[in-house]
Amino acid sequence: MVELSLERALHRPLEDRNCAIMRHVRIFGQMEPPSAVPGQVARLLFAAEKTMTHIDGAEAEQSASQPKMGALPVVAYVLLWFPLSSETFIFREVVQLMARGLPVRAYTMYGKSLSGCSEEMRKFTGPVERMGVGGTVRILRAFIRALSRNPLKVWGLMRKGFFHRMRNMESLGENLWCFMAGFLLAELCVRDGVKLIHSPWANGPATASWVASRLTGIPFAFTGRAGDIYPEDGLLREKSADALFIRTNNHANVSWLRKFCPAGQEYKVHAIYNSLTFTPKGQCAVSMRPPYRLLAVGRFARTKGFPDLLSAMARLQRENVPVSLTLVGNGRWRLKLMGMRDRLGLKNIVHMPGFIPHDQICGYMLDHDMLIMPSVVHSNGDRDGIPNVIMEALSHRMPVIATDVCGISEVIINGETGLLTPQRNPRALADAVRHMVEDREHASRMAEAGRARVEKMFDRENNITALLRLYVDESRHYWSHSGGQTGSSAEDDIPAAMKAGAAGHA
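In the UniProt record's numbering, the protein residues as written are 1 to 506.
If you want it as structure tokens, here you go:
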């Protein structure tokens with residue numbers, strides 16, 4: 001029986017073969033004495049060892065940083081849009097994972113949104129399946145098929161997720177759409193042989209991932225970052241309970257996310273930083289010559305604290321500090337910020353060029369003296385995580401002033417890698433600017449220390465390796481311990497009717 005089991009393992013599809021083989025290797029590796037291992041089994045183990053070092057007939061070069069797991073599992077990335085101009089860090093993450101050999105497939109709840117995307121993002125040729133309004137009929141058909149297969153399961157899902165109270169109407173609409181899209185996502189994941197469903201956000205996309213996972217048995221996970229987990233999403237507790245693991249991109253979020261995990265499952269939360277999104281095109285000179293040029297970059301949203309920055313600029317103007325500010329970005333607060341700028345008499349020193357594509361931000365950083373990031377925590381708990389623009393500025397050796405919010409203090413050590421101020425304090429922001437311009441040497445030292453810190457914390461090699469290991473290890477562990485046979489594929493545990501529905505999407 002043992003020989004037959006191992007021989008069958010050798011003939012499994014490549015992506016499942018290694019997991020099954022490893023199970024036998026662990027079993028026989030514990031047998032003493034070695035002679036207790038039957039000769040036929042020993043020969044099969046030797047063949048297995050050779051099999052695990054070859055992929056499609058070519059020897060696999062396994063570096064120390066690459067998970068030694070043979071073929072890698074197909075991972076679904078579930079988002080609202082992909083690529084998206086404001087989510088370059090997710091785009092870069094997908095590209096880097098694919099470069100490591102991880103088969104990543106993107107599934108979006110909405111249609112295309114390429115406005116403002118870099119040329120590289122526009123030319124992305126990886127697999128992307130988009131739903132959007134055009135997918136409404138497909139979504140409804142998938143829902144009907146699921147309802148006919150298992151009405152009790154679908155009704156249970158709807159009671160638990162569809163009618164759940166959300167924090168606002170926008171969140172409710174997104175969640176309802178993504179909940180329904182999850183039925184189609186389930187069939188697409190079966191069709192594409194997905195082994196792990198991952199949402200880079202904890203809100204609507206994670207809801208779709210949760211539904212697809214509950215229907216298929218394919219494990220799902222999500223990343224919690226900022227406004228998607230603050231304040232608590234209406235389904236965050238349910239999704240946390242069922243998730244295979246939860247990733248966050250800063251340590252400040254770990255204790256918060258653990259609150260939503262069932263008792264004894266707090267271990268599911270993993271902190272892995274984002275990676276630097278681009279290679280710096282130069283280093284800031286930190287010239288600090290008047291007029292001093294300040295830069296702020298971000299969405300014009302309630303968590304960015306830009307009204308406080310405008311108030312600080314008005315104070316600096318009254319104190320005759322020769323400064324100018326370039327406020328880059330766009331969003332629903334644009335008219336409000338422009339009106340405030342004009343009322344404060346700052347039109348001549350505060351320039352608002354609108355949205356700038358990510359690949360052009362480098363030039364702005366090299367042309368300015370410092371970055372200001374005045375983030376705030378909204379009254380409902382909404383906040384930033386670690387704004388990517390901070391690490392991007394420091395990677396250019398640009399001095400940074402920021403508020404002590406959420407994970408920012410993990411990067412900005414006050415007086416060492418930048419200056420931290422309390423949130424909602426324009427006077428403190430103005431004082432920090434004065435310190436920077438009056439002590440160029442200190443500003444330069446902090447910028448250099450900040451550059452070294454972000455190069456270490458947000459190193460692409462280290463963080464992508466950690467993320468790849470998390471996906472591979474958790475996925476393999478799940479399938480090797482699932483109710484099916486060790487190393488079974490997702491297909492083995494999915495109802496035949498679900499497979500039939502998936503076949504219709506081929």
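For each residue, glycine too, the CB sits at the ideal point set by N, CA and C. This one's a predicted model, so the numbers in the text were calculated from it and none came from an experiment.
Item	Value
Collapsed DSSP secondary structure at ALA285 in the structure displayed	coil
Whole-number beta carbon distance between GLY407 and ASN274, since they are thought to touch under 8 angstroms	So it is not a contact: roughly 11 angstroms between Cβ atoms.
Beta-carbon spacing of LEU97, LEU470 below 8 angstroms	no
Close-in-space but distant-in-sequence residues of the same chain around ARG237 (CB under 7 angstroms, 5 per side omitted)	PHE260
Contact set for LYS239: own chain, Cβ-Cβ below 6 angstroms, skip 5 residues either direction	ALA206, TRP210
Residue burial classification, MET109 (beta-carbon count within 10 angstroms, cutoff 16)	buried
Other residues of its chain near PRO357: CB distance less than 8 angstroms, five sequence neighbours each side excluded	SER85, GLY116, CYS117, SER118
Distance CB(ILE361)-CB(ILE401) smaller than 8 angstroms	no
Per DSSP, the bridge partner or partners of GLY450	Beta-bridge pairing links GLY450 to no other residue.
Given VAL328 as reference, the closest of ARG299, ASN320, VAL321, ALA314 once Cα atoms are compared	ARG299
8 angstroms CB neighbourhood of GLY331 in its chain, flanking five on each side removed	ARG299, PHE300, ALA301
Close beta carbons around ALA312, own chain, < 6 angstroms, minus the five adjacent residues each side	PRO426, LEU429, ALA430
Which residues DSSP lists as bridging VAL128, in chain order	ALA106
Spatial distance of TYR292 from VAL286 (CA atoms)	10 angstroms
Per-residue burial, GLU392 [other beta carbons within 10 Å of its own, 16 or more giving buried]	buried
Alpha-carbon to alpha-carbon, ALA202 and residue 518	Look at the range of the chain in this structure, 1 to 506, and you will see that residue 518 is not part of it.
Buried/exposed call for ARG26, threshold 16 Cβ in 10 Å	For ARG26, the predicted model reports a pLDDT of 39, less than 50, meaning its position is unreliable; a value from the coordinates is still stated below. By the 10 Å Cβ count, ARG26 comes out exposed.
Segment contact, 8 angstroms Cβ cut-off, at least three pairs: the region 187 to 199 with the region 437 to 456	no
Pick from VAL323, ALA263, SER171, PHE179 that is closest to THR136, judged by C-alpha positions	PHE179
Span separating the alpha-carbon of SER475 from that of MET338	49 angstroms
Start-to-end residues for the alpha helix (DSSP H) that takes in HIS351	Segment 350 to 354 is the beta strand (DSSP E) holding HIS351; no alpha helix (DSSP H) there.
Boundaries (first-last residue) of the alpha helix (DSSP H) holding GLY173	169 to 191
Cβ-Cβ distance between ASP369 and LEU294 below 8 angstroms	yes
Residues of its chain near SER199, where Cβ-Cβ distance is below 8 angstroms and the 5 sequence neighbours each way are ignored	TYR77, VAL78, LEU79, PRO205, ALA206, ALA208, SER209, PHE220, ALA221, PHE222, THR223
Length of the line joining the Cα atoms of HIS24 and SER482	Unreliable placement is indicated for HIS24, whose pLDDT of 44 sits below 50; the coordinate value is still reported in the next sentence. Those two C-alpha atoms are separated by around 16 angstroms.
Three-state secondary structure assigned by DSSP to PHE220	strand
Coil, strand or helix - MET370 by DSSP	strand
Run of the alpha helix (DSSP H) containing TYR471, from where it starts to where it stops	460 to 480
Straight-line Cα distance separating VAL376 from SER90	The question names Ser, yet the displayed sequence has Ile at residue 90. C-alpha separation (whole angstroms): 23 angstroms.
Own chain partners of TYR230 with C-beta closer than 6 angstroms, once the 5 adjacent residues on each side are dropped	GLY381, ASP382, ARG383
Between the CA atoms of VAL411 and ARG453 - distance to the nearest angstrom	7 angstroms
Sequence-distant residues of the same chain with beta carbon closer than 6 angstroms to PRO103, five excluded per side	VAL74
Local Cβ density within 10 Å of VAL133, reported as buried at 16 or more and exposed below that	exposed
Three-state secondary structure assigned by DSSP to THR88	helix
For VAL269, the residue or residues it bridges with in DSSP	ILE246
Same chain, Cβ closer than 8 angstroms to PRO322, neighbours up to 5 away in sequence not counted	PRO290, PRO291, TYR292
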